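**Student:**
In our numbering, the protein residues as written are 631 to 785.
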(Lines of atoms letter the chains of each structure in order from A and count residues from 1; the text may use other names and numbers.)
(Lines give C-alpha, C1' and ligand atoms only; values in the text may rest on other atoms or scores of the structure.)
Protein backbone atom coordinates (compact mmCIF):
# COMPACT_ATOMS: atom_id res chain seq x y z
CA UNK A 1 0.00 0.00 0.00
CA UNK A 2 1.43 3.36 -1.00
CA UNK A 3 1.59 6.42 1.21
CA UNK A 4 -0.92 8.15 -1.05
CA UNK A 5 -3.50 5.35 -0.71
CA UNK A 6 -3.02 5.26 3.08
CA UNK A 7 -3.59 9.00 3.23
CA UNK A 8 -6.74 8.78 1.09
CA UNK A 9 -8.07 5.88 3.17
CA UNK A 10 -7.49 7.85 6.38
CA UNK A 11 -9.37 10.88 5.02
CA UNK A 12 -12.28 8.76 3.83
CA UNK A 13 -12.49 6.93 7.15
CA UNK A 14 -12.48 10.19 9.12
CA UNK A 15 -15.14 11.66 6.84
CA UNK A 16 -17.33 8.57 7.10
CA UNK A 17 -17.02 8.57 10.89
CA UNK A 18 -18.13 12.20 11.08
CA UNK A 19 -21.28 11.75 8.99
CA UNK A 20 -23.29 9.56 11.39
CA UNK A 21 -22.52 11.95 14.26
CA UNK A 22 -24.10 14.84 12.39
CA UNK A 23 -27.15 12.87 11.41
CA UNK A 24 -27.88 11.77 14.97
CA UNK A 25 -27.12 15.04 16.81
CA UNK A 26 -29.71 15.59 19.54
CA UNK A 27 -32.24 18.39 19.49
CA UNK A 28 -31.17 21.12 21.96
CA UNK A 29 -34.76 21.55 23.15
CA UNK A 30 -34.80 17.91 24.24
CA UNK A 31 -31.23 17.72 25.53
CA UNK A 32 -30.86 20.91 27.56
CA UNK A 33 -31.84 19.51 30.92
CA UNK A 34 -30.05 20.12 34.20
CA UNK A 35 -28.68 16.56 34.10
CA UNK A 36 -27.20 17.17 30.64
CA UNK A 37 -25.90 20.70 31.27
CA UNK A 38 -24.37 20.23 34.72
CA UNK A 39 -21.53 17.80 33.90
CA UNK A 40 -20.62 19.72 30.76
CA UNK A 41 -20.55 23.03 32.61
CA UNK A 42 -18.48 21.44 35.40
CA UNK A 43 -15.99 20.12 32.84
CA UNK A 44 -15.76 23.58 31.23
CA UNK A 45 -15.19 25.24 34.61
CA UNK A 46 -12.48 22.68 35.37
CA UNK A 47 -10.74 23.68 32.12
CA UNK A 48 -11.19 27.34 33.02
CA UNK A 49 -9.60 26.70 36.44
CA UNK A 50 -6.66 24.96 34.78
CA UNK A 51 -6.20 27.83 32.31
CA UNK A 52 -6.61 30.79 34.67
CA UNK A 53 -6.16 29.59 38.26
CA UNK A 54 -2.56 30.73 38.74
CA UNK A 55 -3.23 34.10 37.15
CA UNK A 56 -6.23 34.80 39.37
CA UNK A 57 -4.26 33.78 42.46
CA UNK A 58 -1.52 36.23 41.49
CA UNK A 59 -4.05 39.03 41.00
CA UNK A 60 -5.74 38.22 44.30
CA UNK A 61 -2.44 38.26 46.22
CA UNK A 62 -1.42 41.59 44.74
CA UNK A 63 -4.85 43.09 45.44
CA UNK A 64 -4.73 41.86 49.05
CA UNK A 65 -1.27 43.38 49.54
CA UNK A 66 -2.53 46.73 48.27
CA UNK A 67 -5.61 46.61 50.50
CA UNK A 68 -3.46 45.84 53.53
CA UNK A 69 -1.41 49.00 53.06
CA UNK A 70 1.21 47.73 50.66
CA UNK A 71 2.81 50.18 48.28
CA UNK A 72 1.98 50.27 44.61
CA UNK A 73 5.50 49.82 43.29
CA UNK A 74 6.43 49.68 39.64
CA UNK A 75 7.13 45.97 40.00
CA UNK A 76 3.71 45.27 41.54
CA UNK A 77 2.00 47.39 38.86
CA UNK A 78 3.84 45.50 36.10
CA UNK A 79 2.94 42.17 37.71
CA UNK A 80 -0.74 43.08 37.93
CA UNK A 81 -0.84 44.36 34.34
CA UNK A 82 0.86 41.19 33.15
CA UNK A 83 -1.64 39.07 35.12
CA UNK A 84 -4.61 40.94 33.67
CA UNK A 85 -3.24 40.52 30.13
CA UNK A 86 -2.76 36.77 30.69
CA UNK A 87 -6.25 36.49 32.12
CA UNK A 88 -7.82 38.29 29.17
CA UNK A 89 -5.94 36.07 26.72
CA UNK A 90 -7.00 32.90 28.54
CA UNK A 91 -10.60 34.05 28.70
CA UNK A 92 -10.63 34.98 25.01
CA UNK A 93 -8.94 31.81 23.79
CA UNK A 94 -9.32 29.28 26.59
CA UNK A 95 -11.06 25.97 26.03
CA UNK A 96 -13.22 26.24 29.16
CA UNK A 97 -14.70 29.60 28.15
CA UNK A 98 -15.30 28.37 24.61
CA UNK A 99 -17.10 25.32 25.99
CA UNK A 100 -19.26 27.46 28.30
CA UNK A 101 -20.14 29.78 25.40
CA UNK A 102 -21.05 26.84 23.17
CA UNK A 103 -23.14 25.26 25.91
CA UNK A 104 -24.98 28.54 26.52
CA UNK A 105 -25.52 29.03 22.79
CA UNK A 106 -26.71 25.46 22.26
CA UNK A 107 -29.26 25.75 25.03
CA UNK A 108 -30.04 29.42 24.27
CA UNK A 109 -29.36 30.32 27.92
CA UNK A 110 -26.70 32.99 28.61
CA UNK A 111 -27.09 32.28 32.34
CA UNK A 112 -25.16 29.01 31.86
CA UNK A 113 -22.09 30.99 30.81
CA UNK A 114 -22.51 33.73 33.40
CA UNK A 115 -23.21 31.35 36.29
CA UNK A 116 -20.26 29.14 35.37
CA UNK A 117 -17.82 32.04 35.11
CA UNK A 118 -19.09 33.98 38.15
CA UNK A 119 -19.26 30.82 40.26
CA UNK A 120 -15.70 29.92 39.32
CA UNK A 121 -14.39 33.41 40.10
CA UNK A 122 -16.24 33.42 43.43
CA UNK A 123 -14.64 30.08 44.31
CA UNK A 124 -11.22 31.49 43.42
CA UNK A 125 -11.92 34.58 45.56
CA UNK A 126 -11.14 36.84 42.61
CA UNK A 127 -10.61 40.54 43.38
CA UNK A 128 -13.80 42.56 43.85
CA UNK A 129 -13.03 44.85 40.90
CA UNK A 130 -12.79 41.86 38.56
CA UNK A 131 -16.02 40.39 39.94
CA UNK A 132 -17.82 43.71 39.40
CA UNK A 133 -16.69 43.80 35.77
CA UNK A 134 -17.79 40.21 35.15
CA UNK A 135 -21.17 40.67 36.85
CA UNK A 136 -21.86 43.77 34.75
CA UNK A 137 -20.91 42.12 31.47
CA UNK A 138 -23.47 41.52 28.69
CA UNK A 139 -23.49 37.73 28.47
CA UNK A 140 -26.44 37.78 26.06
CA UNK A 141 -24.17 39.35 23.44
CA UNK A 142 -21.47 36.67 23.92
CA UNK A 143 -24.05 33.92 23.65
CA UNK A 144 -25.42 35.44 20.43
CA UNK A 145 -21.88 35.59 19.00
CA UNK A 146 -21.30 31.96 19.99
CA UNK A 147 -24.57 30.95 18.31
CA UNK A 148 -23.44 32.61 15.11
CA UNK A 149 -20.21 30.59 15.22
CA UNK A 150 -21.84 27.30 16.29
CA UNK A 151 -23.53 25.19 13.67
CA UNK A 152 -26.29 23.15 15.28
CA UNK A 153 -27.29 20.40 12.86
CA UNK A 154 -30.93 20.04 12.01
CA UNK A 155 -32.50 16.66 12.62
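Note that the Cβ used here is the ideal one computed from N, Cα and C, for glycine as well.
A quick note: this is a predicted structure, and the numbers were derived from the prediction, not measured.
Ends of the alpha helix (DSSP H) at residue 740?
**Tutor:** Looking at the DSSP string, the run of the alpha helix (DSSP H) that includes residue 740 is 740-753.
**Student:** Touching or not, the segment 659-670 and the segment 703-718, by the rule of three or more beta carbon pairs under 8 Å?
**Tutor:** No, the segment 659-670 is not in contact with the segment 703-718.
**Student:** On the premise that residue 725 lies in contact with residue 681, defined as a C-beta separation below 8 Å, what is that separation, rounded to the nearest angstrom?
**Tutor:** Indeed, because the Cβ distance is near 7 Å, the residues count as touching under 8 Å.
**Student:** Beta-carbon within less than 7 Å of residue 678's beta-carbon, same chain only, minus the 5 sequence neighbours each way: which residues are those?
**Tutor:** Closer than 7 Å at the Cβ level, and outside the excluded window around residue 678, lie 724, 726, 727 and 750.
**Student:** With 16 other CB atoms within 10 Å as the buried threshold, where does residue 685 fall?
**Tutor:** Flag for residue 685 reads buried.
**Student:** Roughly how many angstroms lie between the CA atoms of residue 756 and residue 736, to the nearest whole one?
**Tutor:** The straight-line gap from Cα to Cα measures roughly 28 Å.
**Student:** Output the boundary residues of the alpha helix (DSSP H) element that contains residue 692.
**Tutor:** Run containing residue 692: 664-697, per the alpha helix (DSSP H) assignment.
**Student:** Is DSSP giving residue 726 helix, strand or coil here?
**Tutor:** Helix at residue 726.
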